[in-house]
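Asker: First residue of the sequence shown? That's 21 in this note's numbering, and the numbers climb one at a time after it. Using N, Cα and C, we set each Cβ at its ideal position, and we do this for glycine too. It should be emphasised that the depicted structure is a prediction, and the values quoted were computed from it without experimental measurement.
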Amino acid sequence: MSEHPKIITVLLADDHPATRAGIRAMLSKHPDIQVVGEAESGNEVEKLVDELCPQILLLDLSSRS
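1. Can you tell me whether E60 is buried or exposed? The criterion is at least 16 other CB atoms within 10 Å of its CB, across all chains shown.
2. Secondary structure at I53, three-state DSSP: helix, strand or coil?
3. Where DSSP assigns a beta bridge to E58, which residues make up the other side?
4. Give the single residue among L79, S48, R40 and D52 whose Cα lies nearest to the Cα of E23.
5. Output the distance between the C-alpha atoms of L32 and E71, rounded to the nearest integer angstrom.
6. What are the partner residues of I27, as DSSP defines its beta bridges?
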């Protein structure tokens, strides 16, 4: 019996779309990681964390908003 790897869910939060796209591209190479959402503001982060319940939040702490 083979075990299926557990999918790790990630939410990306950065105010720069190019940064989010680059991180998403890197993570997409790993089949056990799924980016479930992206946020560009603090308000979006709160809403999406509540909605999507990601296991990991990659957050830009110096974001403008």
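Answerer: With the structure as the only source:
1. Looking at its Cβ environment, which holds 16 or more other Cβ atoms inside 10 Å, E60 is buried.
2. strand
3. L32
4. Looking at the Cα atoms, D52 is the closest of the given residues.
5. A straight-line Cα-Cα distance of about 14 Å links L32 and E71.
6. None; I27 has no bridge partner.
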